[in-house]
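K.L.:
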Amino acid sequence: MLEKTLVILKPCTIQRSLIGEVITRFERKGLRLCGMKMTQLTDDVLSEHYSHLSSKPFFQRVKDSMMACPVIVCCFEGVDAIEAVRTITGPTTGRKAPAGTIRGDFSMSFQENIVHASDSPETAEAELKRFFKPEEIFDYKLSTFDYLYANDEF
Ligand code: ADP
């Protein structure tokens, strides 16, 4: 199914000048970029975004790290995009993530792990609403679409 998912390039990615490297991974995979902007996250929006971590001792530290400088939020679209993006992102801990994944190639850390990616259709829908206004998501056609999929794949 054609899905949209949220990716956040975290402050560590902006500070380490890895924006282009990371966006290139998603572009090369064949995902369509539907929306993209730089934004400064706040404690309130992060408390909502990371509510599943609110009882963890590192909750405030993770939020502080996400507010260290502006982030870049992206919406990518593709067939089964939520799972595909998580696969190329890799597991949470950078130093354990397999080589070839974004976290495996660019991170040594639990926390400073380059990107956030939605992990289910429910979270993708809620997270895209949290970070984008409807008019910031663009539904143009990718001219290479017919070369990305067979016509019965979506
Ligand atoms: P993921 O980003 O892989 O979906 P989680 O939703 O569990 O992982 O955690 C959200 C973010 O919180 C992680 O990406 C990471 O930056 C941070 N985090 C998770 N676990 C830890 C930990 N044990 N220590 C420090 N930071 C953590």
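In terms of our numbering, the sequence shown opens at residue 80 and continues consecutively. Even glycine gets a Cβ: it sits at the ideal position worked out from N, Cα and C. It should be emphasised that the depicted structure is a prediction, and the values quoted were computed from it without experimental measurement.
Hey, out of Leu-97, Phe-210, Gln-94 and Pro-170, whose CA is closest to Glu-127's CA?
P.N.:
Phe-210
K.L.:
Give me, in chain order, the residues of the same chain whose beta-carbon lies closer than 6 Å to that of Gly-183; leave out the 5 immediate sequence neighbours on both sides.
P.N.:
Gly-169, Ala-176 and Pro-177
K.L.:
Between the C-alpha atoms of Asp-232 and Met-80, what's the straight-line distance to the nearest angstrom?
P.N.:
According to the sequence shown, residue 232 is Glu rather than Asp. Taking the straight line from one Cα to the other gives about 8 Å.
K.L.:
Under DSSP, the alpha helix (DSSP H) around Gly-183 begins and ends at which residues?
P.N.:
181 to 185
K.L.:
Reducing DSSP to helix, strand and coil, say where Ala-153 ends up.
P.N.:
Looking at the sequence shown, residue 153 is not Ala but Cys. Looking at Cys-153 - three-state DSSP - the assignment turns out to be strand.
K.L.:
Under a Cβ-count criterion, where at least 16 other Cβ atoms within 10 Å of its own Cβ denotes burial, should Thr-166 be classed as buried or exposed?
P.N.:
exposed
K.L.:
Indicate, with yes or no, if the ligand ADP has a heavy atom lying under 6 Å from the CB of Phe-189.
P.N.:
yes
K.L.:
Please go through the segment 110 to 166 and give each complete beta strand (DSSP E) segment of 3 or more residues, from N-terminal end onward.
P.N.:
Segments of the beta strand (DSSP E) lying fully in the segment 110 to 166: 111 to 118 and 150 to 158.
K.L.:
Distance, Cα to Cα, Thr-223 vs Glu-106?
P.N.:
12 Å
K.L.:
According to DSSP, Ile-93 sits in a beta bridge with which residue or residues?
P.N.:
Paired residue(s): none; Ile-93 is not in a bridge.
K.L.:
In terms of residue numbering, what span does the alpha helix (DSSP H) encompassing Glu-37 cover?
P.N.:
Because the chain here runs from 80 to 233, residue 37 falls outside it and cannot be looked at.
K.L.:
Measure the Cβ-Cβ separation of Val-194 and Leu-88 and say whether it is below 7 Å.
P.N.:
yes
K.L.:
Within the same chain, show all residues whose beta-carbon is closer than 7 Å to that of Gly-109, passing over the 5 residues directly before and after it, in chain order.
P.N.:
Only Gly-157 and Leu-227 meet the Cβ criterion.
K.L.:
What separation, rounded to the nearest whole angstrom, lies between the Cα atoms of Asp-218 and Leu-132?
P.N.:
33 Å
K.L.:
Judging by CA-CA distance, which residue of Thr-202, Lys-208, Phe-155 and Ile-161 is the nearest neighbour of Lys-220?
P.N.:
Phe-155
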